[in-house]
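To start, the structure under review is shown below, and the notes come after it.
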Amino acid sequence: MDDVFRTYLDPAFRYEWSRGPARVASRAEALRGGLNCVALAHLVLQDLFGHRLPASLRSLEMFRDRAHFEPVPAQARPRAGDLVWFGVADPPVPPEEFVPRYRDGELLNFRDFAVNHVAIHTGDRVGDDFLLLHASSTEGTNALWPLRRFADYPRYARTYGIRRLRAPLRRHER
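Residue numbers (our numbering): 39 to 212.
Now the structure itself:
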């Protein structure tokens, strides 16, 4: 596993739902005030590939963004740094039909969006399962979980897709 992932396993990183990329622009800010899963993804991708994503790419925006990310086909082998998206198994509205409502740049109906969590593929396995780094509300800090473990939690029961930072944005591969 790349050392970048190990450095984020420090228990000093507290999970804090409200601390997304607009409020956490650096590792120091994350250590001071905590971070959520999207802020962790921003920081890890910056450390791995040298590309800083716009803070406006929050969960919904990042999941749908095609300027920075490309979908990874189901049959493709995931790589370190790929983002794995999770959500509820039976959403009231399928993700592709979800219509966001914003006020002053804030998503008002985020609870209706089925895709609610992102984890970062480490490129490693435990047995035949992939290892993912994520900001865990369950553990209160960043954690390393095998992919199968996410299915034990209703909020993460379904994998909605894998996204990869587009090649031109990956300034350096580790």
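Glycine included, each C-beta is placed from N, C-alpha and C at the ideal position.
* Contact under 9 angstroms by Cβ, A50 with L69 -> Yes, the Cβ-Cβ distance between A50 and L69 is below 9 angstroms.
* To do: Quick one: using the 10 Å Cβ neighbour count with 16 as the cut-off for buried, is N180 buried or exposed?
  => Label assigned to N180: buried.
* **Where A168 sits in the DSSP three-state scheme** => The question names Ala, but residue 168 in the sequence shown is Phe. If DSSP states are grouped into helix, strand and coil, F168 belongs with the strands.
* Sort D120, L95 and P111 by Cα distance to E144 and report the nearest one. => Answer by Cα proximity: L95.
* My understanding is that I158 touches L170, with C-beta atoms under 8 angstroms, so please give their C-beta distance in whole angstroms. => Contact flag correct, Cβ pair sits at about 6 angstroms.
* **Residue of F168, F188, G165 and V164 minimising C-alpha distance to S175** => Checking every option, the nearest Cα to that of S175 belongs to F188.
* Contacts around P111, its chain only, beta-carbon distance under 7 angstroms, and the 5 residues preceding and following it disregarded -> Excluding positions up to five away in sequence, the list is empty.
* **DSSP bridge partner residues for L145 (one or two, in chain order)** => Note: L145 is bridge-paired with Y140 in the DSSP secondary-structure output.
* Could you check the C-alpha separation between R102 and G165 for me, to the nearest Å? => The straight-line gap separating the alpha-carbon atoms of R102 and G165 is approximately 31 angstroms.
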